[in-house]
C-alpha cells in the first residue's frame, strides 16, 4: 500500500510541475497530458506553450493536440481571477 501511495504522490508532483512550467510538450492521446492541458488552461497559460505534442519515431512534424478552450461567463472569469 505504501508503494502505491508514493507512486501517486510522485505522479501528482510531476503533474503540478508540468502544469506550472513555462512550456509543456506531452504525448499524443495521453490522459496524463490531457489533464495537464486542462490545468494549464485553467491557470491561464498561453495555448501556444500548452497544446504541444512530442512526435513519435523522430518525426519532425505530427498531429498536435486539439485546443479545446474553456469558455467562462464574465462572472465565472472574475470569480476565478480574483478567487472570490
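In mature numbering (1 follows the signal peptide of the UniProt record, and there is no 0), the protein residues as written are -21 to -1, 1 to 63.
Even for Gly, the Cβ is constructed at its ideal location relative to N, Cα and C.
If you're wondering where the values come from, they're calculated on a predicted model, not measured in any experiment.
Three-state secondary structure assigned by DSSP to residue -17: Here residue -17 corresponds to residue number 5 of the chain shown, with the count starting at 1. Note: residue -17 maps to helix in three-state DSSP.
Touch test, the stretch 12 to 22 against the stretch 35 to 43, Cβ-Cβ under 8 Å, three pairs minimum: Under the 8 Å Cβ criterion, the stretch 12 to 22 does not count as touching the stretch 35 to 43, having fewer than three qualifying pairs.
Consult DSSP for residue 37 and reduce its assignment to one of helix, strand or coil. Residue 37 sits at position 58 when you count from the first residue of the chain shown. Looking at residue 37 - three-state DSSP - the assignment turns out to be helix.
To the nearest angstrom, report how far apart residue 23 and residue -18 are at their CA atoms. For the purposes of this step, residue 23 is identified with residue 44 of the chain shown, where counting begins at 1. For the purposes of this step, residue -18 is identified with residue 4 of the chain shown, where counting begins at 1. Straight-line Cα distance between these residues: approximately 32 Å.
Is residue 31 near residue 9, with beta carbons less than 8 Å apart? Here residue 31 is taken as the residue at index 52 of the chain shown, counted from 1. Here residue 9 is taken as the residue at index 30 of the chain shown, counted from 1. Residue 31 places its beta carbon 8 Å or farther from that of residue 9.
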